[in-house]
Amino acid sequence: MANEELFQQLAGFAKTAYGFDGDITPQTSFDELGKESMKMIALTSMIENELDAEVTVSEIMNMATFGELVDRVAEEVEE
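The opening residue of the sequence shown carries number 0 in numbering that gives the first Met the number 0; numbering runs sequentially from there.
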């Protein structure tokens with residue numbers, strides 16, 4: 000899966016999980032989305048269910064930008 004396609008898919012998941020209607024870019028921070036644990040759990044569940052990639056809430060909490068999440072999921076999807 001190409002990174003742009005993966006980015007678009009993950010951005011869609013994030014918009015759904017966070018109820019976010021703005022633009023998400025690789026530089027978007029999780030602070031901008033809202034670092035609420037229930038929303039992060041929803042996001043990680045979507046990633047696991049749809050992409051069969053496992054990313055933990057604690058990993059996301061340590062990420063500065065959405066681009067880091069895309070890179071992390073890309074690693075898992077490529078394996």
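We put the beta carbon where it would ideally sit given N, CA and C, even for glycine.
Note that this is a predicted model, so its numbers are computed, not measured.
Same chain only: Cβ atoms within 8 Å of residue i, ignoring 5 sequence neighbours per side
i	result
proline 25	Phe6, Thr64, Phe65, Gly66 and Val69
aspartate 20	Lys14
Nearest to residue i (by Cα), restricted to the options the options
i	options	result
glutamine 8	Glu77, Val56 and Leu42	Leu42
isoleucine 35	Tyr17, Ser44 and Asn48	Before going further, note that residue 35 is glutamate rather than isoleucine in the sequence given. Considering only alpha carbons, the answer is Tyr17.
phenylalanine 12	Asn48, Glu74, Glu77 and Asn61	Asn48
Beta-carbon separation (whole angstroms), residue i vs residue j, contact threshold 8 Å
i	j	result
isoleucine 46	valine 54	6 Å
methionine 39	isoleucine 59	5 Å
Own chain partners of residue i with C-beta closer than 7 Å, once the 5 adjacent residues on each side are dropped
i	result
serine 28	Ala63 and Thr64
valine 72	Leu5, Leu9, Ile46, Leu50, Ala52 and Val54
Residue i in three-state terms, based on DSSP
i	result
threonine 15	helix
threonine 43	helix
Proximity test, Cβ basis, 8 Å: residue i and chain B
i	result
glutamine 26	The chain labelled as chain B is not found in the depicted structure, where only one protein chain is given.
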